[in-house]
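Chemist:
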Amino acid sequence: MTLRYTVAGLPMQAFGGQVDNHVALNARRAGQAVRTLLSVNEGIRIVVLPAYVLSGGFREVAKDPQTALLDELAASAREHGIYIAASDRFLCGHTAFLIGPNGDLLLTQTAVAEQGGDVSYAVASTPIGDMACLPRDDVTFPEYVRACLFRGAELILNPGIEIPDHRARARHRSRAARCWENHCVLVTAGLTAIIDETGTALPGEPVTGLAEVWEHSGALLASSGDAPAQATIDLSSLRRRRTEPWINFPAQLRSTLYAEMYARAAADPGPPANDDQALDAPVYDVLLMQCHEVFATGPDDRDRVIADNMRRGLGAARMFCARPETRLVVFPEFFLAGSTPGDLDYWEKMGIRVPGPETDTLAEFAKETDVYLCAQLMEYDEDWPRRYFNTSIIISPRGEIVLRYRKLQCADLNGLLNITTPGNIYTAYVEKYGFDGLIPVVETEIGVLGTAICFDSNWPELWRGMALKGVEVVCNPTSEIHSDRVPHWWSAKRAHAAENMYYVACANAGSEQFTPDAPVTHMNRGHSSLIDFNGELATHADGPGVIPQMGRIDLGALRRARASKAENALARFRPDAVVQAYREFPGFPLDCFLDRPMEHASEGPPLVRRQIERLTESGILKPPPAKAA
């Protein structure tokens, strides 16, 4: 059986409830639309139809999908030997269903918000891949797609519906992010119109056509509005990608840590947002200080390089922080001393202490300019001998360190740095700082602040954890390089902002010298940005170089949007619906360096390879085809 084939999203119209016998008419129209599509492309193996393809959105069509109403679609599936996915309203709730090539109903999946109690996630194992169906906007919740991945899903089929509102681009980016985060294929389709018997669109039912095919890299292979979107996918390539240790998100996911996070959120959801919180909420400016970074080479030039980097960075920021509207400044990752690799003895000498002389200088700047200051640093803490951390701190205008976060997803597992992350010493870390110490947040007069660093951007669970604690502004020191992965990385980051409804203040390095005497290069791409709570760019540096980029944060607008049930997707998220899935998934082991620190960065990738082997042995990952001799 070939693993290279064509899939299609098929948008179409549906009769509304005013039309007599509209469900049966819609079923016949859907079956005929599939036949027409297959008559011009016999290579299609999977067709995804829109949500409400039978009912047009009016009334439940039957008790459940086990109904003769699906006979027309089943006949089309049998006739062409294809898989057909769709969804509609049934008495059991809005439910997606998948029909196989022999006309059998392979799975049903009710929308998570409409399931009571424990939630199940159905995956059909087929000769052409393991498939899950998630209806409507369930794919915009990263945890629901993860739960399908945990059961082996390689293709996410999404019978959808799209409306022409200001969040349409955010939903588009969410679909891209799901493929990037899970190395999966996603196919979606939506209704183009809900019509009466004359073919006229019904008033008050605004929908816009949608058809997309996304590759496992996060790339959009095909997109259309009113016409089918079809593309050839290669499941062999997907399976090879899932078995590569390098930046393998499913294999590096510490699901046990996040299971506890979701369990706590389910037990204590916190108060709902309301309009009163928007009253007198501050509007202020944030400075994204895109810097030039010089990398220290060792203890001999450490202090001089840090002092020079600090002088340049703070000097460029000072004038902009002196403006009364500026209340927050974010500096890039590695802006103090770079990240030149070394052994653990090296880092004991090179690491920055918190507090220490360097943080004292930053604190003095925050006091002088009356701003909150976020900075990343490579930290050495005597409480953790022979270990160092990638740390982000937030300093108040009073010069106090009010938040210290240590990067959860770092370069250790990818063979770049012999760094310690809290997950590697989970038991001892939680015993010392408490579970909340993993994802700390701080409530301030400029909003609830959190922070995430660079590679953290690819882990939606971490970003959700901040939202569940009420974060309104995420300070994001980063060092993103020119790469073909950058567009997908950024789609994911912008998706996180919209899905969790907060601002993300991203400060990236704009240029660097890898030694004090090296030429200036632009491996770091700049493009520092403020992302708003709809996932849009509120401000954006249009290139590399030293750029003090200003942006405006309106907490009142954010809080009003959060108080709107129509806008706030976070309010519809069910943490209880994913706790069991995260607990049962055999995620990357915690405490893998509890007894001793990682001595060499090369120790990380073999651990990921072993995790991939475990997931393959369990059947969650499928081995790629053997290479031909």
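Residue numbers (my numbering): 3 to 631.
Cβ coordinates follow ideal geometry from the N, Cα and C atoms, glycine included.
Mapping the DSSP letters down to three states, classify Trp349 as helix, strand or coil.
Modeler: Here the question's residue 349 lines up with position 347 in the sequence shown. It is helical.
Chemist: What's the C-alpha gap between Gly340 and Ala298?
Modeler: If you number the sequence shown from 1, residue 340 lands on position 338. If you number the sequence shown from 1, residue 298 lands on position 296. Their backbone Cα atoms lie some 6 Å apart in a straight line.
Chemist: Assuming Tyr146 is part of the alpha helix (DSSP H), what are its boundary residues?
Modeler: Counting from 1 along the sequence shown, the entry for residue 146 is found at position 144. Taken as a continuous stretch (DSSP letters only), the alpha helix (DSSP H) holding Tyr146 covers Pro144 to Phe152.
Chemist: Inspect the beta-carbon positions of Cys94 and Leu151 and report whether they are closer than 8 Å.
Modeler: Locating residue 94 in the sequence shown gives position 92, where the first residue counts as 1. Locating residue 151 in the sequence shown gives position 149, where the first residue counts as 1. Contact: no.
Chemist: Using the rule of at least 16 other Cβ atoms within 10 Å of the residue's Cβ for burial, across every protein chain shown, is Asn276 buried or exposed?
Modeler: Position 274 of the sequence shown, counting from 1, holds the residue named residue 276. Exposed is the call here.
Chemist: Give me, in chain order, the residues of the same chain whose beta-carbon lies closer than 6 Å to that of Gly131; leave out the 5 immediate sequence neighbours on both sides.
Modeler: Your numbering for residue 131 matches position 129 in the sequence shown. The residues are Glu156, Leu157 and Leu237.
Chemist: Using three-state DSSP, classify Arg175 as helix, strand or coil.
Modeler: On the sequence shown, residue 175 is found 173 positions in, with the first residue counted as 1. Note: Arg175 maps to helix in three-state DSSP.
Chemist: Just to confirm the assignment, what range does the alpha helix (DSSP H) spanning Pro161 have?
Modeler: Against the sequence shown, residue 161 aligns to sequence position 159. Note, Pro161: premise wrong, no alpha helix (DSSP H); beta strand (DSSP E) at Leu157 to Pro161.
Chemist: Considering Val189, what are the terminal residues of the beta strand (DSSP E) in which it resides?
Modeler: By one-based count along the sequence shown, residue 189 stands at place 187. Unbroken beta strand (DSSP E) run through Val189: Val187 to Ile197.
Chemist: Using the Cβ count rule (16 or more neighbours within 10 Å means buried), how would you classify Ile354?
Modeler: Looking up residue 354 in the sequence shown gives position 352. Ile354 should be labelled buried.
Chemist: Does Ile249 come out as helix, strand or coil in the three-state DSSP assignment?
Modeler: Within the sequence shown, numbered from 1, the residue matching residue 249 stands at position 247. Of the three classes helix, strand and coil, the one that applies to Ile249 here is coil, per DSSP.
Chemist: Which partner residues does Trp216 have in the DSSP bridge list?
Modeler: For the purposes of this step, residue 216 is taken as the residue at position 214 of the sequence shown. In DSSP, Trp216 forms a bridge with Leu188 and Leu222.
Chemist: My guess is that Glu601 and Leu346 are in contact by the Cβ rule of under 8 Å, so how many angstroms apart are they, rounded?
Modeler: As a first step, residue 601 must be located in the sequence shown, where it is residue number 599. As a first step, residue 346 must be located in the sequence shown, where it is residue number 344. That pair is a contact at about 7 Å.
Chemist: So the candidates are Tyr382, Glu445 and Leu39; which of them puts its Cα closest to the Cα of Tyr348?
Modeler: Within the sequence shown, residue 348 is the residue found at index 346, counting from 1. Nearest of Tyr382, Glu445 and Leu39 to Tyr348, Cα basis: Tyr382.
Chemist: Short of 6 Å in beta carbon distance, which residues of its chain neighbour Arg585, apart from the five on each side in sequence? Order them along the chain.
Modeler: Here residue 585 is taken as the residue at index 583 of the sequence shown, counted from 1. So the qualifying residues of the chain are Ala261.
Chemist: May I ask you to report which of helix, strand or coil DSSP gives Arg61?
Modeler: By one-based count along the sequence shown, residue 61 stands at place 59. Here Arg61 sits in coil by DSSP.
Chemist: I'd like to confirm the pairing. Which residues does DSSP put opposite Glu463 in its beta bridges?
Modeler: Here residue 463 refers to the residue found at position 461 when the sequence shown is read from its first residue. For Glu463, which the question treats as bridged, DSSP gives no partner whatsoever.
Chemist: Using 10 angstroms around the beta-carbon of Lys351, count the other beta-carbons present and answer buried if the total reaches 16, otherwise exposed.
Modeler: By one-based count along the sequence shown, residue 351 stands at place 349. Exposed is the call here.
Chemist: Measuring only the C-alpha atoms, how far is Trp248 from Pro607?
Modeler: As a first step, residue 248 must be located in the sequence shown, where it is residue number 246. As a first step, residue 607 must be located in the sequence shown, where it is residue number 605. Answer to the nearest angstrom: the Cα atoms are 7 Å apart.
Chemist: Is the CB-CB distance between Trp179 and Ser493 below 8 Å?
Modeler: The count along the sequence shown starts at 1 and reaches residue 179 at position 177. The count along the sequence shown starts at 1 and reaches residue 493 at position 491. With the sequence shown as reference, residue 179 is identified as Ala, and Trp is not the correct amino acid for it. Cβ distance < 8 Å, so Ala179 and Ser493 count as in contact.
Chemist: Do the segment 448-457 and the segment 402-412 meet, that is, are 3 or more Cβ pairs less than 8 Å apart?
Modeler: With a cut-off of 8 Å, the segment 402-412 and the segment 448-457 count as touching, because enough Cβ pairs lie within range.
Chemist: In its own chain, which residues sit with a C-beta less than 8 Å from the C-beta of Pro343, not counting the 5 before and 5 after it?
Modeler: Indexing the sequence shown from 1 puts residue 343 at position 341. Excluding residues within five positions, the ones whose Cβ falls inside 8 Å are Leu418, Leu419, Asn420 and Ala603.
Chemist: For a quick check, are the C-beta atoms of Leu107 and Pro67 less than 8 Å apart?
Modeler: Sequence index remark: in the sequence shown, residue 107 carries index 105 (1-based). Sequence index remark: in the sequence shown, residue 67 carries index 65 (1-based). Yes, the Cβ-Cβ distance between Leu107 and Pro67 is below 8 Å.
Chemist: Please state the DSSP three-state secondary structure of Ile397.
Modeler: Numbered from its first residue, the sequence shown carries residue 397 at position 395. Here Ile397 sits in strand by DSSP.
Chemist: Can you give the Cα-Cα distance for Glu474 and Tyr505, rounded to whole angstroms?
Modeler: In the sequence shown, the residue the question calls residue 474 occupies position 472. In the sequence shown, the residue the question calls residue 505 occupies position 503. Spanning the two alpha carbons is a distance of roughly 6 Å.
Chemist: Rounded to whole angstroms, how far is the Cβ of Ala10 from the Cβ of Val49, which I believe are closer than 8 Å?
Modeler: As a working mapping, residue 10 is identified with position 8 in the sequence shown. As a working mapping, residue 49 is identified with position 47 in the sequence shown. About 5 Å; that satisfies the 8 Å criterion.
Chemist: From the DSSP output, which residues share a beta bridge with Gly553?
Modeler: Walking along the sequence shown from the start, residue 553 turns up at place 551. In the DSSP output, where bridge partners are listed per residue, Gly553 has Val288.
Chemist: By DSSP, does Ala200 sit in helix, in strand, or in coil?
Modeler: As a working mapping, residue 200 is identified with position 198 in the sequence shown. Sequence check: residue 200 is Thr here, not Ala. Of the three classes helix, strand and coil, the one that applies to Thr200 here is coil, per DSSP.
Chemist: Quick one: grab the DSSP three-state call for Gln515.
Modeler: The residue you call residue 515 lines up with position 513 of the sequence shown. Looking at Gln515 - three-state DSSP - the assignment turns out to be strand.
Chemist: Out of Val296, Arg243, Leu470 and Asn502, which one is the CA nearest neighbour of Trp182?
Modeler: Against the sequence shown, residue 182 aligns to sequence position 180. Residue Arg243 is the option with its Cα nearest to Trp182.
Chemist: If I follow the unbroken alpha helix (DSSP H) through Val432, where does it start and stop?
Modeler: As a position in the sequence shown, residue 432 is number 430, starting the count at 1. First-last of the alpha helix (DSSP H) with Val432: Tyr428 to Tyr435.
Chemist: Beta carbon of His529, beta carbon of Ala543: below 8 Å?
Modeler: The count along the sequence shown starts at 1 and reaches residue 529 at position 527. The count along the sequence shown starts at 1 and reaches residue 543 at position 541. Contact: yes.
Chemist: Tell me the rounded alpha-carbon separation between Gly436 and Val332.
Modeler: Start at 1 with the first residue of the sequence shown, and residue 436 comes out as number 434. Start at 1 with the first residue of the sequence shown, and residue 332 comes out as number 330. Rounded to the nearest angstrom, the two C-alpha atoms are 27 Å apart.
Chemist: So within the segment 483-535, which uninterrupted beta strand (DSSP E) runs reach at least 3 residues, ignoring any that extend past its ends?
Modeler: Segments of the beta strand (DSSP E) lying fully in the segment 483-535: 505-510, 513-515 and 531-533.
Chemist: How long is the line joining the alpha carbons of Gln232 and Ala29, rounded to whole angstroms?
Modeler: Looking up residue 232 in the sequence shown gives position 230. Looking up residue 29 in the sequence shown gives position 27. Their Cα atoms are separated by approximately 22 Å.
Chemist: Going by alpha carbons, who is nearest to Cys135 out of Ala87, Arg148, Gln551 and Glu145?
Modeler: Along the sequence shown, read from residue 1 onward, the residue named residue 135 stands at position 133. For Cys135, the nearest C-alpha among the options comes from Ala87.
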